[in-house]
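Everything below concerns the one structure shown next.
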Amino acid sequence: MNIEKVLQDSIKAALLQKFEVSENEIILQPTKKDFEGTYTFVVFPYVKTLRKSPVELGNTIGEFLKENSGIVSTYNVVQGFLNISVSDSTWLSIFKEISADKNFGQLPDKNETVMVEYSSPNTNKPLHLGHLRNNFLGFSVAQILAANGYKVVKANLVNDRGIHICKSMLAYQKFGKGETPESTGMKGDHLVGKYYVEFDKHYKTEIEALKAQGLSEDEAKKQAPLLIEAQEMLLKWENGETETVALWEKMNEWVFAGFNETYKKMGVSFDKMYRESNTYLLGKETVEEGLTKGVFFKKEDGSVWIDLTDEGLDQKLVLRKDGTSVYITQDMGTADLKFKDFNMSKSIYVVGNEQDYHFDVLFKIIKKLGRSYADGCFHLSYGMVDLPTGKMKSREGTVVDADDLMSEMVETARERTNELGKIEDFTSEEAEELYRTLAMGALKYFLLKVDPKKRMLFNPQESIDFQGNTGPFIQYTFARISSILRKAEQLGISLETLPELNGLHESEQEVIYLLSQFPNRIADAGREYAPSLIAQYAYDLAKAYNRFYNEVSIFNETEEDLVRFRLAFSKITGETIQKAIALLGVGVPSRM
RNA sequence: GGUUCCGUAGCUCAGUUGGAUAGAGCAACUGCCUUCUAAGCAGUAGGUCUUUGGUUCGAAUCCAAACGGAAUCACCA
1 MNIEKVLQDS IKAALLQKFE VSENEIILQP TKKDFEGTYT FVVFPYVKTL RKSPVELGNT
61 IGEFLKENSG IVSTYNVVQG FLNISVSDST WLSIFKEISA DKNFGQLPDK NETVMVEYSS
121 PNTNKPLHLG HLRNNFLGFS VAQILAANGY KVVKANLVND RGIHICKSML AYQKFGKGET
181 PESTGMKGDH LVGKYYVEFD KHYKTEIEAL KAQGLSEDEA KKQAPLLIEA QEMLLKWENG
241 ETETVALWEK MNEWVFAGFN ETYKKMGVSF DKMYRESNTY LLGKETVEEG LTKGVFFKKE
301 DGSVWIDLTD EGLDQKLVLR KDGTSVYITQ DMGTADLKFK DFNMSKSIYV VGNEQDYHFD
361 VLFKIIKKLG RSYADGCFHL SYGMVDLPTG KMKSREGTVV DADDLMSEMV ETARERTNEL
421 GKIEDFTSEE AEELYRTLAM GALKYFLLKV DPKKRMLFNP QESIDFQGNT GPFIQYTFAR
481 ISSILRKAEQ LGISLETLPE LNGLHESEQE VIYLLSQFPN RIADAGREYA PSLIAQYAYD
541 LAKAYNRFYN EVSIFNETEE DLVRFRLAFS KITGETIQKA IALLGVGVPS RM
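The first sequence begins at 1 in full-length UniProt numbering and counts up by one.
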């Protein structure tokens with residue numbers, strides 16, 4: 001049964017029968033905490049047309065609902081707000097339906113494929129906090145879409161070539177003294193990142209020297225020998241020069257080994273890897289196609305452009321005069337490739353909001369080229385993670401490293417857990433497993449509870465909380481429920497059949513209401529690509545259960561049916577909490 | 001300068017398509033462990049929703065302007 005649907009239909013009927021008003025959409029909202037009731041219907045909009053007082057309208061509709069809907073127990077009218085209370089028997093039958101549904105939380109199959117591209121790192125430096133937000137977001141959105149009934153392809157387009165990669169390579173060649181991850185004990189991505197920073201250091205010195213000779217800032221930046229050498233290296237790479245390619249392959253392998261380790265710790269995975277070294281030449285035929293279709297035009301120097309001034313944008317280069325690609329050229333080609341590979345109806349790009357303009361242009365081009373998948377393309381643009389000191393900058397060493405942060409979180413989890421001393425009988429493996437679960441729960445929840453679109457602040461001085469609106473709080477609620485269920489098992493209480501009850505505690509009713517909302521929230525989160533909605537839901541559910549936990553005793557209850565109901569109720573709540581935070585990529589411990 | 005986004009408690013954030021007295025957490029203060037895990041629960045205090053106009057029964061939400069902040073405006077990716 002869909003309570004909302006029943007109420008909406010009943011309200012429509014009331015409006016029609018009592019006031020001869022036919023309304024096709026009735027909007028219900030959750031009742032505010034301070035008032036009695038679960039759903040609220042606002043009658044203000046009808047006051048004027050019907051020339052009745054809000055109170056009279058509310059009472060008339062409320063009375064009608066009570067008599068005819070079959071599910072309304074009481075109602076109250078405050079000003080123009082009709083607050084509706086649903087009967088306990090209705091909540092109980094809702095609870096039964098949820099219990100019986102093995103796939104609760106999995107929406108019907110949509111028979112559509114959607115691609116979520118995320119992570120997409122550069123192979124010249126290790127991952128940092130910003131990447132964590134990207135990866136957690138992408139992974140979570142993929143889970144949420146799968147729960148919405150889509151077939152999901154998680155893709156990673158690795159930027160493994162280009163001038164920035166050559167910078168690391170060059171610095172390594174010049175200053176590396178043959179270091180390897182093995183010889184230094186450094187993770188491969190960190191070792192390569194060290195040389196990216198090294199490059200920048202020497203490059204800056206050169207710039208200063210040139211400026212001292214009287215060159216302008218811009219000239220100095222362009223003429224610094226190191227940069228010129230890096231550009232030459234890129235050409236060598238593009239020409240397939242053996243030595244350069246070998247160095248590139250060696251260093252890339254180091255980075256990939258490092259990334260894989262980090263991905264594993266993060267708990268993210270991919271179904272399809274694309275590498276720019278394989279895709280960077282794509283898109284040139286698309287440029288030809290665009291020229292014949294008249295979407296693009298060629299300037300005298302031979303460069304190819306698109307004019308988007310009628311769309312409020314500028315002219316944008318899509319192919320250089322020497323015939324080489326730019327970023328957007330390969331993105332056009334890659335979009336075609338992805339579609340050819342998976343024939344998906346939606347393609348989500350999880351990329352930071354600094355690239356808003358790029359994707360705006362890209363999608364407009366795809367549209368103008370008449371691609372069938374154009375309307376399914378979506379840039380999931382998320383805000384930057386800022387530090388109290390401002391923006392993170394790799395080259396200036398002001399980044400929060402992903403590996404470091406995750407390790408610190410594990411340490412914090414260890415300290416917190418040991419202070420509480422609840423797991424002294426754990427083996428060290430079990431304990432380590434728990435620390436990781438809690439650490440990643442805290443970190444993921446912290447990054448995902450915020451609306452993806454908004455930029456957010458991370459203060460490294462203040463460790464991420466384990467209390468309040470946090471991942472561990474939700475995990476703790478699950479652990480509590482697990483504990484109860486263990487005890488029930490010891491006592492040999494069967495949860496096979498549900499007992500018949502005639503009433504509910506207020507806290508139980510609130511939890512059942514929240515349980516009934518789970519499918520809606522999954523749909524909302526899927527439509528908005530917003531894991532934050534699921535995070536908020538999981539928190540609300542855990543909070544409501546904890547209230548029940550404190551107000552209602554299970555094993556001290558003498559009436560056996562009540563004990564069995566409360567156990568079944570706890571079990572379903574635990575399962576739903578688990579399912580909800582699994583959508584965030586967060587796991588649950590059975591004890592903590 | 002053009003374009004886009006943002007401005008809510010001391011701090012970090014919620015706030016559905018306009019609805020009631022603007023909500024959580026942290027930090028501060030009060031209670032609650034002889035009872036299923038106190039990483040919890042209940043409560044107190046904390047607000048000119050940046051400002052000024054407008055739209056209407058009603059605005060944190062929509063419109064306009066101002067102020068403050070961010071991103072972007074590369075033949076980089």
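Beta carbons: idealized from backbone N, C-alpha and C, even for Gly.
- Query: With C-beta atoms as the reference, is residue 268 less than 8 Å away from residue 192?
  - Reply: On the first sequence, position 268 is the one that residue 268 refers to. On the first sequence, position 192 is the one that residue 192 refers to. No, Cβ-Cβ distance for residue 268 and residue 192 is not below 8 Å.
- For residue 273, the first and last residue of its enclosing alpha helix (DSSP H): Within the first sequence, the letter at position 273 stands for residue 273. First-last for residue 273: 272-275, but that is the beta strand (DSSP E), not the alpha helix (DSSP H).
- Item | Coarse secondary structure for residue 58, derived from DSSP in three states | Mapped onto the first sequence, residue 58 falls at position 58. In this structure, residue 58 counts as helix in the three-state DSSP scheme.
- Does the distance from the C-beta atom of residue 388 to that of residue 479 stay below 8 Å? For the purposes of this step, residue 388 is taken as residue 388 along the first sequence, with counting starting at 1. For the purposes of this step, residue 479 is taken as residue 479 along the first sequence, with counting starting at 1. Not in contact: residue 388 and residue 479 (Cβ atoms no closer than 8 Å).
- Query: In terms of residue numbering, what span does the alpha helix (DSSP H) encompassing residue 333 cover?
  - Reply: As a working mapping, residue 333 is identified with position 333 in the first sequence. 327-342 is the extent of the alpha helix (DSSP H) around residue 333.
- Item | Counterpart residues of residue 296 in DSSP-defined beta bridges | As a first step, residue 296 must be located in the first sequence, where it is residue number 296. According to DSSP, residue 296 shares a beta bridge with 306.
- When the distance is taken between beta carbons, is residue 79 closer than 8 Å to residue 54? The sequence position of residue 54 within the first sequence is 54, counting from 1. The sequence position of residue 79 within the first sequence is 79, counting from 1. Yes; because the gap between Cβ atoms is below 8 Å, this pair is in contact.
- Which one of 364, 326 and 335 has the shortest CA to CA distance from residue 307? By 1-based counting over the first sequence, the position of residue 307 is 307. Cα-wise, what sits closest to residue 307 is 364.
- For residue 271, is the classification buried or exposed, using 16 other Cβ atoms within 10 angstroms of its Cβ as the cut-off for buried? Residue 271 sits at position 271 when you count from the first residue of the first sequence. Its Cβ having fewer than 16 others within 10 Å, residue 271 is exposed.
- Query: Between 19, 391, 101 and 350, which lies nearest to residue 136 when the distance is taken from Cα to Cα?
  - Reply: Position 136 of the first sequence, counting from 1, holds the residue named residue 136. The option with the nearest alpha carbon to residue 136 is 350.
- Query: Can you name the start and end residues of the beta strand (DSSP E) that residue 391 belongs to?
  - Reply: Mapped onto the first sequence, residue 391 falls at position 391. Note, residue 391: premise wrong, no beta strand (DSSP E); not H, not E.
- Message: In the DSSP assignment, the beta strand (DSSP E) including residue 484 goes from what residue to what residue?
- Response: Translated into positions along the first sequence, residue 484 becomes position 484. Unbroken run through residue 484 is the alpha helix (DSSP H), 471-490; no beta strand (DSSP E).
- Measure the alpha-carbon distance for residue 367 versus residue 316 and round it to whole angstroms. Position 367 of the first sequence holds residue 367. Position 316 of the first sequence holds residue 316. Cα to Cα, residue 367 sits roughly 15 Å from residue 316.
- Query: Where does residue 192 sit, in a helix, a strand or coil, going by DSSP?
  - Reply: Numbered from its first residue, the first sequence carries residue 192 at position 192. Residue 192 falls in the helix class under three-state DSSP.
- Task: Tell me, please, whether the region 1-20 touches the region 57-77 by the rule of three or more beta-carbon pairs shorter than 8 Å.
- Result: Taking 8 Å as the limit for Cβ pairs, the verdict is that the region 57-77 does touch the region 1-20.
- With distances taken Cα to Cα, identify the nearest neighbour of residue 398 among 84, 128 and 28. Numbered from 1 along the first sequence, position 398 holds the residue referred to as residue 398. It is 128 whose Cα lies nearest to the Cα of residue 398.
- Considering only residues of the UniProt domain "DALR anticodon binding" (474-592), which uninterrupted alpha helix (DSSP H) runs meet the minimum length of 4 residues and lie entirely inside it, listed in chain order? Listed in chain order, the complete alpha helix (DSSP H) runs (minimum 4 residues) inside the UniProt domain "DALR anticodon binding" (474-592) are 506-528, 531-551 and 560-582.
- Message: Taking only three categories from DSSP, how would you classify residue 30?
- Response: Stepping through the first sequence from its first residue, residue 30 is reached at position 30. In the structure shown, residue 30 sits in a strand (DSSP, three-state: E or B).
- Task: Would you identify the three-state DSSP class for residue 251, choosing helix, strand or coil?
- Result: To locate residue 251, count along the first sequence from 1; it is residue 251. Residue 251 falls in the helix class under three-state DSSP.
- Task: Tell me whether residue 235 is buried or exposed, calling it buried when 16 or more other Cβ atoms sit within 10 Å of its Cβ.
- Result: In the first sequence, counting from the first residue as 1, residue 235 sits at position 235. Around the beta carbon of residue 235, fewer than 16 other beta carbons lie within 10 angstroms, which makes this residue exposed.
- Item | Continuous beta strand (DSSP E) assignments of at least 3 residues falling wholly in the region 156-186 | none
- Message: Going by C-alpha to C-alpha distance, which of 562, 504, 503 and 449 sits closest to residue 583?
- Response: Residue mapping note: residue 583 aligns to position 583 of the first sequence, counting from 1. Of 562, 504, 503 and 449, the residue nearest in Cα terms is 449.
- Item | Span of the alpha helix (DSSP H), counted from its first residue to its last, around residue 346 | Working through the first sequence from its first residue, we reach residue 346 at position 346. For residue 346, there is no enclosing alpha helix (DSSP H); the residue is part of the beta strand (DSSP E) that begins and ends at 346-352.
- Message: With three or more beta-carbon pairs closer than 8 Å as the criterion, would you say the region 169-184 touches the region 545-557?
- Response: Judged by Cβ distances under 8 Å, the region 169-184 makes no contact with the region 545-557, as fewer than three pairs qualify.
- residue 330, buried or exposed, once every other Cβ within 10 Å from all chains shown has been counted against 16: Counting from one through the first sequence, the residue named residue 330 turns up at place 330. Result: buried.
- Task: Jot down the residue ranges of each uninterrupted beta strand (DSSP E) in the region 357-386, minimum 3 residues, whole runs only, in chain order.
- Result: Counting whole runs of 3 or more residues, the region 357-386 contains the beta strand (DSSP E) stretches 377-382.
- Item | Proximity to residue 336 [Cα-Cα], best of 352, 495 and 289 | For the purposes of this step, residue 336 is identified with residue 336 of the first sequence, where counting begins at 1. When each option's Cα is compared against that of residue 336, the closest is 289.
- Message: Judging by CA-CA distance, which residue of 154, 96, 93 and 88 is the nearest neighbour of residue 120?
- Response: To locate residue 120, count along the first sequence from 1; it is residue 120. Of the listed residues, the one whose Cα sits closest to residue 120 is 154.
- Would DSSP call residue 117 helix, strand or coil? In the first sequence, residue 117 corresponds to position 117, counting from 1. In this structure, residue 117 counts as strand in the three-state DSSP scheme.
- Query: By Cβ distance below 7 Å, which residues in the same chain neighbour residue 59 in space, the five residues on each side in sequence not counted?
  - Reply: Within the first sequence, residue 59 is the residue found at index 59, counting from 1. Correct list, in chain order: 77.
- Message: I want to know whether the region 367-381 touches the region 332-347 - three or more CB-CB distances under 8 Å.
- Response: Two segments are said to touch when three or more pairs of C-beta atoms, one from each, lie closer than 8 Å; by this definition the region 367-381 touches the region 332-347.
- Out of curiosity, what's the CA-to-CA distance linking residue 285 and residue 291? Here residue 285 is taken as the residue at index 285 of the first sequence, counted from 1. Here residue 291 is taken as the residue at index 291 of the first sequence, counted from 1. Distance between the alpha carbons of residue 285 and residue 291: 10 Å.
- Task: Following the continuous alpha helix (DSSP H) through residue 71, name the residue where it begins and the one where it ends.
- Result: If you number the first sequence from 1, residue 71 lands on position 71. Element bounds for residue 71: n/a, residue is neither H nor E.
- Query: Span of the beta strand (DSSP E) holding residue 39?
  - Reply: Reading the first sequence from its first residue, position 39 is the one you call residue 39. Unbroken beta strand (DSSP E) run through residue 39: 39-42.
- In the DSSP assignment, what residue or residues form a beta bridge with residue 85? In the first sequence, counting from the first residue as 1, residue 85 sits at position 85. DSSP output for residue 85 lists 74 as bridge partner(s).
- Residues bridged to residue 401 (per DSSP): As a working mapping, residue 401 is identified with position 401 in the first sequence. Answer by DSSP bridge pairing, in chain order: 128.
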